[in-house]
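Take a look at the structure below.
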Amino acid sequence: MENYQQNKVVEVLKLLKYMGLEEVDNSLSSISPFGDLIDEVKNCKKCDLHKVRTNAVFGKGPINAKIMLIGEAPGRDEDLKGLPFVGKAGRELDNMLSSAGIEIDEVFITNVIKCRPPGNRNPEPYEMVKCNPYLVRQVEVIRPKVIVLLGNIALSLVTGTASGITKMRGKTMEYMSYPAIPTFHPAYVIRNPDSGKTVIEDFKKAVRSIA
Ligand code: URA
Ligand code: SF4
């Protein structure tokens with residue numbers, strides 16, 4: 020359904036609910052605020068990564084999340100399950116979020132690239148260009164209070180080059196006019212455990228910025 024039409028249907032359902040039609044609740048909750056976007060991503064063939072994926076990974080989390088996390092790309096576990104950060108890096112991420120007082124369920128998590136690059140290689144610029152409109156629409160729907168950029172690939176959304184995370188982490192930048200704080204990627208933290216406390220500090224900074 021076109022977004023415009025869908026919004027109209029939602030308006031009418033809300034009005035009926037207001038008038039006392041309780042059954043309307045179910046219909047309202049089954050309409051995704053993302054509209055057709057989830058299906059579009061699942062069926063996307065805009066770049067060659069679609070040929071080697073098992074599942075495109077849209078993202079997960081509440082639509083009204085105040086914090087949005089942007090990672091790099093699905094890995095093997097994410098490709099198999101169709102969900103972001105469900106493998107080893109995901110467990111590391113969960114731990115660091117909870118150390119910063121953040122519940123994993125309160126953030127929206129997605130990636131720069133929605134399909135797994137073979138062998139977990141870095142996404143290529145052309146893939147990022149093709150995939151970026153999906154991320155842009157996700158940000159537009161969620162309208163987060165703060166974005167956390169996990170690692171160099173996510174940082175490159177702002178800087179245009181996939182490097183510099185060591186220098187830039189913890190600084191508040193902007194992505195699509197939203198405050199965006201880069202920090203190390205959880206996979207980097209697994210390889211460099213000392214950097215974990217820095218990531219927790221950066222997460223806490225994100226929390227303070229929206230308090
Ligand atoms: N690494 C990422 O960048 N994203 C995931 O979803 C999983 C691992
Ligand atoms: Fe489409 Fe993005 Fe997957 Fe490429 S990576 S096929 S652009 S969803």
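Note that the numbering used here numbers the sequence shown so that position 83 is 102, with each residue one more than the last. A virtual CB, placed ideally from N, CA and C, is assigned to each residue, including glycine.
Rounded to the nearest angstrom, the gap between the Cα atoms of His69 and Phe104 is 19 Å. Here Tyr145 is not near Gly170, since their CB atoms are 8 Å or more apart.
Check the Cα spacing between Phe222 and each of Pro212, Lys190 and Arg210: the tightest is with Lys190. For Thr185, there is no enclosing beta strand (DSSP E); the enclosing alpha helix (DSSP H) has its first and last residue at Ile184 to Met187. As the crow flies, the alpha-carbon of Lys27 is around 21 Å from that of Arg162. In terms of Cα proximity to Glu220, the closest of Pro198, Tyr194, Leu116 and Asn211 is Leu116. If one requires a minimum length of 3 residues, the beta strand (DSSP E) runs lying completely within the stretch 103 to 150 are 126 to 130, in chain order.
For the 8 Å CB-CB criterion, Asn74 and Asp96 do not form a contact.
Val60: not part of any beta strand (DSSP E); member of the alpha helix (DSSP H) spanning Leu56 to Lys61, first to last residue.
Scanning the stretch 164 to 220 from its first residue to its last, the whole alpha helix (DSSP H) runs of 4-plus residues come out as 170 to 178, 184 to 187 and 205 to 210.
Cβ-Cβ separation between Ile89 and Val131: approximately 6 Å, consistent with a contact (criterion under 8 Å). Per DSSP, the beta-bridge partners of Lys79 are Ile128. When Cβ pairs closer than 8 Å are counted between the two stretches, the stretch 48 to 66 is seen not to touch the stretch 175 to 195, the count staying below three.
Under the Cβ criterion (8 Å, minimum of three pairs), the stretch 139 to 158 does not count as touching the stretch 106 to 120. Assignment of Leu88 by DSSP, reduced to helix, strand and coil, places it in the strand class. Distance from the CA atom of Arg72 to the CA atom of Met38, rounded to whole angstroms, is 47 Å. About 6 Å separates the CB atoms of Gly94 and Asn139; that is less than 8 Å, so the two are in contact.
Gln157 and Ser118 have their C-alpha atoms spaced approximately 27 Å apart. Using a cutoff of 7 Å, the CB of Gly109 counts as near the ligand URA, since one of the ligand's heavy atoms is closer than that.
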